[in-house]
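Chains as they are written, first to last, in our numbering: chain L, 1 to 318; chain E, 319 to 636.
In this text, a Cβ means the ideal position worked out from N, Cα and C, and glycines have one as well.
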């Protein structure tokens with residue numbers, strides 16, 4: 001192959017990781033910069049380019065690269081623009097165009113969850129699957145939907161906002177960052193779990209080791225550690241979170257009848273504590289024909305690599 | 319063109335309508351039989367064949383036909399089987415295979431809502447659209463989802479069961495025929511509207527002309543007539559129904575970011591009385607980026623033709 005490499009960029013609100021990926025799907029070199037350090041988008045791209053040169057030159061230069069694929073917050077596949085990404089210094093910019101100009105090779109972008117879904121399909125737990133839904137459980141709740149072997153972008157490029165489907169209707173629904181109430185993201189994200197922990201701990205008199213922690217900064221890791229020690233309140237926190245997540249997933253299954261649901265991100269480190277209530281709630285809420293039929297899996301890609309690999313796979317497209 | 323015709327079959331629980339469709343999408347002849355009159359599937363297919371001969375022979379015989387496309391309750395596109403259709407005399411049969419044998423031309427099947435979506439895309443309100451969701455509001459609530467120009471079948475062929483997403487959570491959710499509670503179908507179907515009418519009329523002391531009717535048999539037509547005369551309770555029934563429907567549609571939009579939602583079936587005859595609360599609830603429940611962006615349309619195909627045309631379009635496929 002004439003051009004055996006691509007670059008994959010995983011842009012997060014904190015770090016931007018750039019990796020060189022070969023045709024076998026190995027990340028053979030990587031580098032990173034701090035996303036927030038560049039108030040001007042041109043400075044960000046220049047810094048990224050300078051870092052890229054350091055890893056690209058040793059293997060033969062940009063002429064061996066087919067392109068760049070980037071997973072970026074609020075990245076739009078169709079327009080190549082970042083649009084309304086409030087966690088970035090430049091919420092709305094023509095990112096793909098600027099990258100293509102500076103790097104001299106074509107850049108395609110998508111949002112981070114779609115990139116992760118691409119990565120799963122090409123290299124991960126969804127290898128060989130044509131229909132699956134990826135749910136990313138991190139600071140927010142994102143999703144990448146694959147139907148008939150292709151990531152769903154929708155009419156405007158913004159398909160797959162499953163974190164903003166309504167999990168709890170009515171006034172008791174939690175306020176979400178998006179302005180709506182009761183969104184799945186307000187329950188199944190890291191901050192959602194922290195909030196559930198706080199609510200459950202405050203409303204019970206049960207003994208729990210979680211009470212020894214700073215109640216405003218409880219993480220899913222803390223809850224996991226407690227559950228592992230047999231803490232009933234910790235289990236209750238996972239049950240509550242998993243039930244809400246599974247109920248929503250049941251509706252997603254009614255939509256696209258996927259072969260599998262693949263979960264990715266921090267919350268999955270809680271293993272069966274979160275998986276069991278998710279699976280139960282799915283089976284309690286799907287039509288009989290899907291009961292115990294849809295696989296529920298955790299991503300098996302290393303978290304750091306999944307997004308880089310997924311983003312990079314965009315660059316192999318025609 | 320060597321074979322300029324196809325047959326389209328719209329099988330309902332009551333009537334089975336068979337039409338001859340030409341390449342321009344005109345239904346040039348049609349016939350029908352009573353679905354329930356044949357306890358044996360072979361007798362049903364023989365009767366259908368005999369009827370077909372009467373309209374096919376005059377235009378030159380089956381050799382001019384490319385195939386048959388059929389929209390049938392619980393029809394599975396992949397397997398060609400009807401599976402678990404409780405409203406048919408033969409809930410589970412290898413329908414496409416039996417039809418192909420008897421008619422001597424290939425038969426493909428799908429479910430009725432998917433057939434309607436195909437019809438809309440090829441001949442109706444969704445002409446030229448690549449991403450839309452069709453919601454059929456009839457005895458039940460069905461859906462056909464089109465993404466990137468193709469009907470979504472999912473991993474098992476059963477995608478698009480949006481009538482069985484959960485509209486009302488918890489014990490107060492209405493019992494649905496599927497065994498679950500709170501399904502959209504229990505609110506937005508004909509029986510759902512009847513039930514809402516009964517509940518609202520019983521729980522109010524307001525004057526309403528609907529009180530003069532048999533409370534167990536109120537139809538959406540009755541409610542429409544009342545609303546047209548300024549009846550406040552009738553309006554309340556549409557508001558309740560439309561709000562629940564619109565809330566669910568908002569979540570569907572977050573899934574596939576469609577260009578349009580197309581509604582089809584009896585309830586759409588209520589016009590703006592149902593449309594207005596649907597649109598309001600969508601806008602109240604989608605992310606800001608979709609507010610007032612997604613078209614909400616009624617099907618403009620004649621109800622009788624939509625399913626025949628949609629089903630027939632399967633027969634043009636390779």
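List the residues of chain E whose Cβ lies closer than 7 Å to the Cβ of residue i, in chain order.
i: residue 165 of chain L; result: 569, 572
So which residues on chain E does residue i lean against when the C-beta distance must stay under 9 Å?
i: residue 128 of chain L; result: By Cβ distance, chain E contributes nothing, its closest Cβ being about 12 Å from residue 128 of chain L, past 9 Å.
Taking residue i as the query, report the chain L residues whose CB atoms sit under 7 Å from its CB, ordered along the chain.
i: residue 576 of chain E; result: 154, 155
i: residue 497 of chain E; result: 288
i: residue 476 of chain E; result: 257, 289
i: residue 479 of chain E; result: 254, 287
i: residue 449 of chain E; result: 154, 155
On the DSSP bridge assignment, give the partners of residue i in chain order.
i: residue 15 of chain L; result: L:34
i: residue 581 of chain E; result: E:453, E:616
i: residue 493 of chain E; result: E:499
i: residue 123 of chain L; result: None, per the DSSP bridge assignment.
i: residue 150 of chain L; result: L:147
i: residue 327 of chain E; result: E:336, E:388
i: residue 223 of chain L; result: Bridge partners of residue 223 of chain L: none, in fact.
i: residue 426 of chain E; result: E:387
i: residue 82 of chain L; result: L:75, L:93
i: residue 345 of chain E; result: E:339
i: residue 459 of chain E; result: E:455
i: residue 166 of chain L; result: L:183
Please identify the residue among the options whose C-alpha is closest to the C-alpha of residue i.
i: residue 378 of chain E; options: E:338, E:326, E:561, E:430; result: E:338
i: residue 474 of chain E; options: E:392, E:366, E:383; result: E:392
i: residue 332 of chain E; options: E:440, E:457, E:413, E:346; result: E:457
i: residue 532 of chain E; options: E:521, E:542, E:516, E:543; result: E:516
i: residue 189 of chain L; options: L:12, L:227, L:159, L:136; result: L:136
i: residue 316 of chain L; options: L:107, L:111, L:187, L:141; result: L:107
i: residue 362 of chain E; options: E:417, E:489, E:467, E:340; result: E:417
i: residue 94 of chain L; options: L:104, L:105, L:76; result: L:76
i: residue 49 of chain L; options: L:266, L:169, L:7; result: L:7
i: residue 228 of chain L; options: L:271, L:28, L:255, L:35; result: L:271
i: residue 384 of chain E; options: E:631, E:321, E:543, E:549; result: E:321
i: residue 558 of chain E; options: E:445, E:360, E:504, E:535; result: E:504
i: residue 158 of chain L; options: L:85, L:292, L:222; result: L:85
i: residue 445 of chain E; options: E:423, E:460, E:468; result: E:468
i: residue 431 of chain E; options: E:512, E:443, E:386, E:479; result: E:479
i: residue 321 of chain L; options: L:301, L:226, L:29; result: Limits of chain L in this structure are 1 at one end and 318 at the other, which puts residue 321 of chain L out of reach.
i: residue 511 of chain E; options: E:433, E:551, E:329, E:375; result: E:551
i: residue 166 of chain L; options: E:350, E:428, E:599; result: E:599
Going along chain E in order, which residues have a C-beta closer than 8 Å to the C-beta of residue i?
i: residue 150 of chain L; result: 466
i: residue 285 of chain L; result: 484, 498
Could you work out which residues of chain L lie near residue i, taking near to mean beta carbons separated by less than 8 Å?
i: residue 463 of chain E; result: 255, 256
Along chain L, in chain order, which residues have C-beta atoms closer than 9 Å to that of residue i?
i: residue 610 of chain E; result: Within chain L, no residue comes near residue 610 of chain E; the closest Cβ sits about 13 Å away, beyond 9 Å.
i: residue 565 of chain E; result: 166, 169
Following a CB-centred definition, is residue i positioned closer than 7 Å to any heavy atom of the ligand ZN?
i: residue 150 of chain L; result: Within the structure as shown, the ligand ZN is missing, as the structure has no ligands at all.
* To do: Could you say if the region 439-457 of chain E and the region 572-583 of chain E meet the contact criterion of at least three C-beta pairs nearer than 8 Å?
  => yes
* chain E contacts made by the region 39-64 of chain L, where a contact means CB separation under 9 Å -> none
* Would you list, in chain order, the members of the region 429-443 of chain E that have their beta-carbon closer than 9 Å to a beta-carbon of chain L? => none
* Asked: Given 8 Å as the limit, is there contact between the region 173-180 of chain L and the region 594-609 of chain E, that is, 3 or more CB pairs closer than that?
  -> yes
* To do: Indicate whether the contact test is met: 3 or more Cβ pairs, each with one atom in the region 434-442 of chain E and one in the region 463-480 of chain E, closer than 8 Å.
  => yes
* Are three or more beta carbon pairs between the region 213-230 of chain L and the region 242-251 of chain L nearer than 8 Å? -> no
* **Meets three-Cβ-pair contact criterion under 8 Å: the region 579-599 of chain E and the region 612-628 of chain E** => yes
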